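Structure, as structure tokens:
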Amino acid sequence: MVSKLCISRRARSAALALLGLAGAQAMSPHTASADDAASQDDARRSAVIAAGKGVQITVGDVEDDVAKQPPALRARFRDPAVLQDHVQEMLRFQLLAEAARERGHAKAPEVVRSFKQHAVQAMVRKLFDEKITPASIPEEDVRAYYESHQGEFHRNGLMRASHILLPTKAQAQELRQEILSADTGKFRTLARKHSLDRETKLRGGDLHYFDPKGIPMVLMSRYADDLTKVPARDRVDQSLVDAAFALKKVGDVSPPVKVGEHWSLVRLTGTRPAEHRELKEAEEGIRLKLWREKRKSSLEEFVADLEKKVKPETHPELLSSIQFAPPAPSPEGSGDPASPFGHGHDHEHGEGHDQDEEDHPEGD
């Protein structure tokens, strides 16, 4: 038997010589045709370095494996000892893989699924990722997107405010005095207790960020092509907007504001400056967005073509027969009680936190 897992001393020397042959050929003059050169290189790469029952490693296998290593690590493989150890590891892996195949593990459902996933990923990279790149998006498409989505790149200053809706002006005046003489957390507490606005009272009256037209920040991306399309029902009442923008600093509370048949107190809780991005600043982000959309649509078209060719039959009536394992019981006392707004209304809409005063109230 050949020593050290089928790699003899003679084979080892020959392998290292073959692996270095490509560099030597590149440095020496030759007059062979391109076809002859390709044939010679194929022969060089197909030379077997190590082999055994069910396993085989060629010069090309080693070259390809080394090429997949991080660039910073490739230079170390020029050391013959390091290269030999790497071939030994490749052979060890093949021996284990063959042993797993002989024992039927290659047919295990999770292995088959993993293989299919890798095969699909390789196909997608070849068919789409190598052909459709951010750089392949035409300049005119980038410019057209920028010009038709001005709301994404030119935004007015934003205010964040909370309010308490009350039945009468007198009640609003009385509550305002209580708020002004209390700590910063009192407003949220009083909003939960007294506000008639059922939509906001459970979150302390928070109206989130909005612009001078009452358009909530969470809707600006959806209506980026034309902010005037935001329905009136989804906007903050203009009376509240005007009151918020009239306040000078975070923490200020407005006098009573007439809102329909009721009165409201408005408290400024955050500000964001106006934003204006020129095409040059926005180009990279636009290109990435258009690339993702083009890649997705190309993949969907490819799948649609496959469905036309295969014509798969589905039986949705059988879905009701699928059985599910019961969920594992949660440890007693773990987790927070369910909130009507989930884990936070801001994060649900991607608004995030700006560390505004209302995010971390004192004494609440």
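Residues 0 to 363, numbered by numbering that gives the first Met the number 0, are exactly what the sequence shown covers, in order. Even glycine gets a Cβ: it sits at the ideal position worked out from N, Cα and C. Fair warning: this is a prediction, and the values are worked out from it, not measured in the lab.
Three-way DSSP call (helix, strand, coil) for residue i in this model
i           : result
residue 161 : strand
residue 227 : helix
residue 266 : strand
residue 340 : Here residue 340 scores only 32 on pLDDT, less than 50, and its place in the model is too uncertain to base an answer on.
residue 250 : coil
residue 209 : strand
residue 73  : helix
residue 58  : helix
residue 202 : coil
residue 288 : helix
residue 370 : Given that the chain is displayed from residue 0 to residue 363, the structure contains no residue 370 and the question cannot be resolved.
residue 261 : strand
residue 315 : helix
residue 346 : The predicted model places residue 346 with a pLDDT of 38, which falls under 50 and marks its position as unreliable; any figure quoted below should be read in that light. The answer is helix: DSSP assigns residue 346 an H, G or I state.
residue 47  : strand
residue 234 : coil
residue 271 : strand
residue 300 : helix
residue 305 : helix
Inter-residue spacing [alpha-carbon to alpha-carbon] between residue i and residue j
i           : j           : result
residue 229 : residue 241 : 18 Å
residue 167 : residue 262 : 6 Å
residue 47  : residue 121 : 26 Å
residue 251 : residue 272 : 18 Å
residue 81  : residue 87  : 10 Å
residue 21  : residue 43  : Low confidence applies to residue 21: its pLDDT is 48, below 50, so where it sits in the model is not reliable enough to give any reading.
residue 0   : residue 51  : The predicted model places residue 0 with a pLDDT of 38, which falls under 50 and marks its position as unreliable; any figure quoted below should be read in that light. Their Cα atoms are separated by approximately 10 Å.
residue 426 : residue 243 : Nothing about residue 426 can be read from this structure; the chain reaches only from 0 to 363.
residue 144 : residue 219 : 15 Å
residue 59  : residue 85  : 14 Å
residue 188 : residue 125 : 58 Å
residue 304 : residue 314 : 21 Å
residue 292 : residue 140 : 12 Å
residue 36  : residue 61  : 20 Å
residue 195 : residue 260 : 12 Å
residue 319 : residue 71  : 54 Å
residue 231 : residue 190 : 24 Å
residue 65  : residue 91  : 16 Å
residue 290 : residue 138 : 12 Å
residue 186 : residue 317 : 55 Å
residue 204 : residue 312 : 52 Å
residue 217 : residue 249 : 21 Å
residue 33  : residue 146 : 50 Å
residue 257 : residue 325 : 54 Å
residue 245 : residue 142 : 37 Å
residue 95  : residue 49  : 15 Å
residue 309 : residue 40  : 40 Å
Residue i versus the options, residue with shortest Cα-Cα distance
i           : options               : result
residue 192 : 174, 115 and 206      : 174
residue 247 : 234, 233 and 269      : 269
residue 123 : 236, 299 and 319      : 299
residue 56  : 35, 309 and 83        : 83
residue 93  : 253, 172, 53 and 236  : 53
residue 233 : 129, 206 and 249      : 206
residue 172 : 148, 254, 135 and 137 : 254
residue 149 : 276, 311 and 194      : 276
residue 214 : 195, 319 and 236      : 236
residue 134 : 326, 239 and 285      : 285
residue 132 : 239, 306, 98 and 297  : 297
residue 294 : 311, 322 and 127      : 127
residue 159 : 307, 306 and 265      : 265
residue 287 : 321, 326, 136 and 103 : 136
residue 63  : 105, 89 and 39        : 89
Interface flag, residue i vs chain B, CB-CB below 8 Å
i           : result
residue 233 : No chain B is part of this structure, which consists of one protein chain only.
Could you say if the segment 197-208 and the segment 157-174 meet the contact criterion of at least three C-beta pairs nearer than 8 Å? yes
Under 8 Å, with one C-beta from each stretch per pair, do the segment 205-225 and the segment 175-186 reach the 3-pair mark? no
Looking at C-beta atoms only, is the number of pairs between the segment 204-211 and the segment 142-157 that lie closer than 8 Å three or more? yes
In chain order, each alpha helix (DSSP H) run of at least 4 residues that lies wholly inside the segment 117-178: 138-147 and 149-152
Taking contact to mean 3 or more Cβ pairs, one atom from each stretch, closer than 8 Å, check whether the segment 111-118 and the segment 71-79 are in contact. no
Considering only residues of the segment 67-116, which uninterrupted alpha helix (DSSP H) runs meet the minimum length of 4 residues and lie entirely inside it, listed in chain order? 70-73 and 79-101
Given 8 Å, three or more beta-carbon pairs between the segment 102-112 and the segment 277-284: no
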